[in-house]
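Read in order, the letters of the sequence shown correspond to residues -20 to -1, 1 to 291 in mature numbering (1 follows the signal peptide of the UniProt record, and there is no 0).
One structure is given here, and the rest of the page talks about it.
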Amino acid sequence: MKKNIIITSLILLTSIPLFACDICGCGVGSYYLGILPDFNKRFIGLRYQYNSLETHLGPQGERTALSADETYRIAELWGAWNIGKRFRVMAILPYNFNHRNVSGAGTAGSKNGIGDVAVMGYYKIFEGGATTKNSKLFNHSLWAGFGVKIPTGKYDNTERSTIGSDAPNNFQLGTGSTDFTLNMSYDARLMDLGLNLNMLYKINTENKYEYRYGNKFTGNALFYYKFLIDMKLRIAPNAGLMYERAAHDVEYNTFNVGQSGGYITSAVTGVELSYERISLGANYQMPFSQNLADGRVDAGNRLMTHISFAF
């Protein structure tokens, strides 16, 4: 049985943001999941995400002596467990590798460490099927969920004084705050052709340094097709769109951080392979429209891969 769910951040996408810190896909953020691996009862696996940014751009989006090239690589332990016929629990434990290079100033830096742990619960609202007039099988399901992100990743408050009070606050391992997600996932399949729709709304709270990342909405639509190679091997290519929008970050519950928030729209393509209890997958996200941090941040293409084991 295949269930398709999204989280942030998103991941989420990464699953991703996803991205104002969240909307940029850095260590504090992507909960993009995309299409989950095949499993009946539970699975555990490893994911890898790669995101890149150009930050601290000029007023017109041009590079300056202070502009930075940032990369965010995230290795995640993730898994899910079906409880009965209607409940599912999922958890993601990330480890982040952040790197920043300011070529104009001749400086570089890295931050490595555990990110923020996310735990999500889902409830299956309905699942049903029918046979069409031309004898084709149609199935669909709707899941709704609630999640909590725990501040296990380090938030470095000195970063704010280094970059300036109005600059993007991306280069962190965690948000320093307990945050929440509301999720919904709908999957419809006619024989081997399917459509997966996901929505996630992330509600951020203020951390102890009185900084709050902007709330974020993520939505995606993916078409997929399952090819049954033999009784054990299945291949499911997929393609679609993802839209992400984040509000401005807020300091001291009063001041909007000007260079934060924004939106990004990406084309997504990927493939899922399953052989018996082993699943492999990858997707590539290519932004084609964006306005992040008042034009001071430019997000590059993003890659996510995974290997998972059902048991």
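Glycine included, each C-beta is placed from N, C-alpha and C at the ideal position.
Values in this document were obtained by computation on a predicted structure and should not be read as measured data.
Residue span of the beta strand (DSSP E) that contains residue i, given as start and end
i, result
"M266", "I258 to L272"
"D49", "A48 to I63"
"T112", "Here T112 belongs to no beta strand (DSSP E), and DSSP marks it neither H nor E."
"R68", "F67 to V82"
"N163", "D159 to L170"
"R225", "L213 to A226"
"S240", "Note, S240: premise wrong, no beta strand (DSSP E); not H, not E."
"L177", "L173 to I183"
"G25", "R22 to T35"
"A201", "K196 to Y205"
"A290", "R282 to A290"
"K91", "T87 to I94"
Outcome for residue i when other beta-carbon atoms lying within 10 angstroms are tallied against a minimum of 16
i, result
"Y135", "buried"
"M171", "exposed"
"Q29", "buried"
"G156", "buried"
"I287", "exposed"
"I(-10)", "With a pLDDT of 32 at I(-10), under the threshold of 50, the predicted position of this residue should be treated as unreliable, and no value is reported."
"E42", "exposed"
"T111", "exposed"
Cutoff 8 Å; reference residue i; Cβ partners in own chain excluding five residues on either side
i, result
"K212", "Y255 and E256"
Candidates the options: closest to residue i by CA position
i, options, result
"R53", "G86, N31, H36 and I72", "N31"
"K116", "L202, R169, R276 and V99", "R169"
"N233", "R192, M222, I209 and R225", "R192"
"N184", "K196, L175, G86 and N150", "K196"
"A98", "D229, G38 and L73", "L73"
"G38", "A147, S121, Y102 and I24", "A147"
"G280", "R27, Y264 and L221", "Y264"
"G199", "L221, N187 and D159", "L221"
"F118", "R225, L26, G174 and S259", "G174"
"F268", "A219, F203, L202 and Y223", "Y223"
"F23", "E56, W61, A227 and L33", "W61"
"G238", "H36, T249, L283 and G109", "H36"
Same chain only: Cβ atoms within 6 Å of residue i, ignoring 5 sequence neighbours per side
i, result
"N137", "Y189"
"L153", "G7, N76, K91, G93, G95, G133 and K134"
"L122", "I105, F106 and Y166"
Close-in-space but distant-in-sequence residues of the same chain around residue i (CB under 7 Å, 5 per side omitted)
i, result
"I215", "F207, I209, V251 and L253"
When the Cβ atoms of the stretch 160 to 167 are set against those of the stretch 251 to 259, are three or more pairs found closer than 8 Å? no
Should the stretch 55 to 69 be called in touch with the stretch 128 to 144, which here means at least 3 C-beta pairs below 8 Å? no
Touch check for the stretch 77 to 93 and the stretch 47 to 64: three-plus C-beta pairs under 8 Å? yes
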